[in-house]
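K.L.:
This structure is in C-alpha cells; I'll ask about it shortly.
Chains as they are written, first to last, in our numbering: chain X, 179 to 436; chain S, -11 to 262.
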C-alpha cells in the first residue's frame, strides 16, 4: 500500500505539471460522449428497443463503458504500454531487480490523471440514464453495482496484463492499444445483442461482458444474483491465471540494459 | 552520355522501393499485423450486429435496406477501413519532439511521400491477413453482394483514391502540431466529423437529410461511403464516374493544402535530431 501511495503521489505530481491537459481531456471526453449519444439517438430513431433494451437502459450501459474506460486509460493502459516498450527495449530489468513484487511494480508506475475525466463523464451519463428509467435503484443494487464495477475493472486489468505479458514472446506489441480499443467498443452495447459465438468470446475469453454489461444490469433491474457469484468466481480465476502467466512470462525475459 | 532518370520514373522507383520495404517488414511481424487487423475489424462487426438486429426486429430491413445489404456494407467497410489507415496526425507530436523530421528535411522529396509510400506498402500484408477474416465474416453474416465488373474496377480505383485523400488530409492536420501544442483537440473534432458524416458509423442513407447535405460538402464521404457504395450499392455508371471525379477534386484540394500548410508550418520547426 505504501508503494502504491508513493507511485500515486508521483503520478499526480507529474500530471499536475501539465494542467492545461485537463481542459484537453474535457474536450476529448465531451466529444466522445457526444458521438456515442448521437449513435444511440440514430439507432433509436429506427427502433424502440434493441433486443429488449430501451434507450435509457442503453445510456446506463454506455455510461458504465465510458466510466470503466476512464479507469483503464488512466491507470492500467499506460502501465501496460510502458511494460511492453521496456520489454522491447530491454529495460525491464530496472523494475525486475527492485525489492518489490514485480507485478505490483509494473502495474503502478504510470498514472494519466486527466483521463479520469471520463470517469466523471461516465458517471453523469449513468445518472441521466438511471433518472430516465422511471424506477428507483435500491441500496442492494447500488452496492452490487459498485462491487461489480470493481470486479469489472480488475477483469480488464487482468486482460491487459495477459496481453502485455505476451510481449515476452511477441516482442513488437505496438498494436495492443488499438486491439484493446477495438475490442472494448463491444462493451458499448449489451452483450446479449451479439450472436452466440461473439457473446461467449466477449464474456469468457475477453471479459467485456462481465466488466460492462453486468454492472449495468445491476442498475437496470436485470441482474440475477447468481450472475454476481459467477462474476466473483470468474474474477478470482482470471486474476490467478493472469498472475501465473505473468510469472511464467518473466522467466522468458532475457534483456539486460542496466 | 549518361541520362538522368525522369522525375516520374524517380517517384515510381521511390514508391516501389518504399512499398517493397514495408511489405517485407510487415510480414516479419505477422502476429502483430494480425492482431492489429483484428482490432480494426471489431468496429464494423459491432455496427453490423446492431443494425442487423434492428433489421431483424423490423421485418428484415432498415429504411428499405435488407440485412444482407447491411452485412455487405460493413464487410466491405472493413476492407475500406484497412485501406484508409494512414500516418496519424497524433504521430507528429513525437516526430517533432524527437527531431525525427530533421532527417526527412535533408532528403530531396517532400516528407508527405515517405508516409504515403510506407503506408501504401502496409496495405498488401493487411490485405493478405484480412482475406480469411472477410471469408469468415461472409460465412457468418451472409452478405448480399453481386457487383458488376465496372463496380469492381471503380472500387479498386476508389479505395486507392480514398487512401490518397486521407493521407493528404492527415498530413495537413499533422502540420497543426508545428503551430500549436493543443492540436490534439482539433484532431478530435476532425475525427468526430469524419465519424459522423463519412459513412463510417452508418450508411449515409440512414442519416437524417441535413446530415447527408453536410456530408456532400466535405471530403469524408469520398474516403468511406463512396468506395463502399461503389461495390455494394448498385450505383449507376455515371454516378460511379462522378464519384471518381469528386475524389480527383479532393485530391487536388489536398495537394494544395499540403503544399501551403507545409510551407507555413515548417518555419516553426526548430528541433534537431537524427
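Backbone N, C-alpha and C fix where the C-beta goes; we use that ideal spot for every residue, glycine too. All values reported here derive from a predicted model rather than from experimental measurement.
For the segment 279 to 306 of chain X, which segments carrying the alpha helix (DSSP H) assignment without a break, of at least 4 residues, lie completely within its bounds, in sequence order?
P.N.:
280 to 286
K.L.:
DSSP state of residue 401/X, grouped into three classes?
P.N.:
Looking up residue 401/X in the first chain gives position 223. Correct three-state label for residue 401/X: coil.
K.L.:
Quick test of the definition: if touching needs 3 or more C-beta pairs under 8 Å, does the segment 282 to 299 of chain X touch the segment 187 to 194 of chain X?
P.N.:
Contact between the segment 282 to 299 of chain X and the segment 187 to 194 of chain X is present, because at least three Cβ pairs lie under 8 Å.
K.L.:
What does residue 211/S reach in chain C if we use C-beta pairs closer than 7 Å?
P.N.:
The question asks about chain C, but that chain is absent: this structure's protein chains are X and S.
K.L.:
What in chain S is Cβ-close to residue 269/X, meaning under 9 Å?
P.N.:
Residue 269/X sits at position 91 when you count from the first residue of the first chain. Near residue 269/X there are no residues of chain S at all, since even the closest Cβ is about 17 Å away, more than 9 Å.
K.L.:
According to DSSP, simplified to helix, strand and coil, what is residue 190/S?
P.N.:
Position 202 of the second chain, counted from the start, is the residue given in the question as residue 190/S. In this structure, residue 190/S counts as coil in the three-state DSSP scheme.
K.L.:
List, in order along the chain, the chain S residues whose C-beta lies closer than 8 Å to that of residue 351/X?
P.N.:
Counting from 1 along the first chain, the entry for residue 351/X is found at position 173. Those within 8 Å of residue 351/X in chain S are 20.
K.L.:
By the criterion of Cβ-Cβ separation under 8 Å, what are the contact partners of residue 170/S in chain X?
P.N.:
Mapped onto the second chain, residue 170/S falls at position 182. Neighbours of residue 170/S on chain X, chain order: 198 and 202.
K.L.:
How many angstroms separate the CA atom of residue 333/X from the CA atom of residue 417/X?
P.N.:
Counting from 1 along the first chain, the entry for residue 333/X is found at position 155. Counting from 1 along the first chain, the entry for residue 417/X is found at position 239. Their backbone Cα atoms lie some 7 Å apart in a straight line.
K.L.:
Could you check whether the segment 34 to 43 of chain S touches the segment 352 to 367 of chain X, counting it as contact only if at least three pairs of C-beta atoms, one from each stretch, sit closer than 8 Å?
P.N.:
yes
K.L.:
Would you kindly work out how many angstroms separate the C-alpha atoms of residue 311/X and residue 398/X, rounded to a whole number?
P.N.:
Here the question's residue 311/X lines up with position 133 in the first chain. Here the question's residue 398/X lines up with position 220 in the first chain. Whole-angstrom Cα-Cα distance: 8 Å.
K.L.:
Chain X beta carbons: is any one of them nearer than 8 Å to that of residue 118/S?
P.N.:
Within the second chain, numbered from 1, the residue matching residue 118/S stands at position 130. Residue 118/S does not count as touching chain X.
K.L.:
Residues of chain S with CB closer than 8 Å to the CB of residue 224/X, please, in chain order.
P.N.:
The count along the first chain starts at 1 and reaches residue 224/X at position 46. Residues of chain S passing the Cβ test: 42, 46, 50, 51 and 194.
K.L.:
Select from 145/S, 166/S and 132/S the residue whose C-alpha is nearest the C-alpha of residue 60/S.
P.N.:
Along the second chain, one-based indexing puts residue 60/S at 72. Of the candidates 145/S, 166/S and 132/S, the one whose C-alpha sits nearest the C-alpha of residue 60/S is 132/S.
K.L.:
Using the beta-carbon count (16 or more within 10 Å), is residue 149/S buried or exposed?
P.N.:
Within the second chain, numbered from 1, the residue matching residue 149/S stands at position 161. Classification for residue 149/S: buried.
K.L.:
Using a 10 Å radius around the Cβ and a threshold of 16 neighbouring Cβ atoms, would you call residue -6/S buried or exposed?
P.N.:
Reading the second chain from its first residue, position 6 is the one you call residue -6/S. The residue is exposed, with fewer than 16 neighbouring Cβ atoms inside 10 Å.
K.L.:
Among residues of its own chain, excluding the 5 on either side of residue 117/S, which ones have a beta-carbon nearer than 7 Å to its beta-carbon?
P.N.:
On the second chain, residue 117/S is found 129 positions in, with the first residue counted as 1. For residue 117/S, where only same-chain residues beyond five positions count, the Cβ hits under 7 Å are 21, 22 and 25.
K.L.:
I'd like the list of long-range same chain contacts for residue 409/X, defined as Cβ closer than 7 Å, with 5 residues on each side in sequence excluded.
P.N.:
The sequence position of residue 409/X within the first chain is 231, counting from 1. Cβ within range, chain order: 326, 329, 388 and 392.
K.L.:
Could you check whether the Cβ of residue 209/X sits closer than 8 Å to any Cβ belonging to chain S?
P.N.:
The residue you call residue 209/X lines up with position 31 of the first chain. Yes, residue 209/X lies at the interface with chain S (some Cβ there is under 8 Å from its Cβ).
K.L.:
At the level of alpha carbons, what is the spacing between residue 2/S and residue 109/S?
P.N.:
By 1-based counting over the second chain, the position of residue 2/S is 14. By 1-based counting over the second chain, the position of residue 109/S is 121. Going by the C-alpha atoms only, they are around 12 Å apart.
K.L.:
With DSSP run on the structure shown, which of helix, strand or coil describes residue 308/X?
P.N.:
One-based indexing of the first chain puts residue 308/X at position 130. Three-state DSSP puts residue 308/X in a helix.
K.L.:
Out of 225/S, 92/S, 73/S and 243/S, which one is the CA nearest neighbour of residue 115/S?
P.N.:
Position 127 of the second chain, counted from the first residue, corresponds to residue 115/S. Answer by Cα proximity: 73/S.
K.L.:
Taking the alpha carbon of residue 105/S as the reference point, which residue from 46/S, 155/S and 82/S has its own alpha carbon closest?
P.N.:
As a first step, residue 105/S must be located in the second chain, where it is residue number 117. When each option's Cα is compared against that of residue 105/S, the closest is 155/S.
K.L.:
Taking the alpha carbon of residue 347/X as the reference point, which residue from 304/X, 431/X and 379/X has its own alpha carbon closest?
P.N.:
Here the question's residue 347/X lines up with position 169 in the first chain. If we check each option's Cα against that of residue 347/X, 431/X comes out closest.
K.L.:
Apart from the five residues just before and just after residue 199/S, which ones in its own chain have a Cβ nearer than 8 Å to its Cβ?
P.N.:
The residue you call residue 199/S lines up with position 211 of the second chain. Contacts found: 184, 185 and 192.
K.L.:
Could you please give the first and the last residue of the uninterrupted alpha helix (DSSP H) stretch that includes residue 196/X?
P.N.:
In the first chain, counting from the first residue as 1, residue 196/X sits at position 18. First-last for residue 196/X: undefined, no H or E at that position.
K.L.:
From the DSSP secondary-structure annotation, give me the bridge partner or partners of residue 228/X.
P.N.:
Sequence index remark: in the first chain, residue 228/X carries index 50 (1-based). Looking at the DSSP assignment, residue 228/X forms a beta bridge with 231/X.
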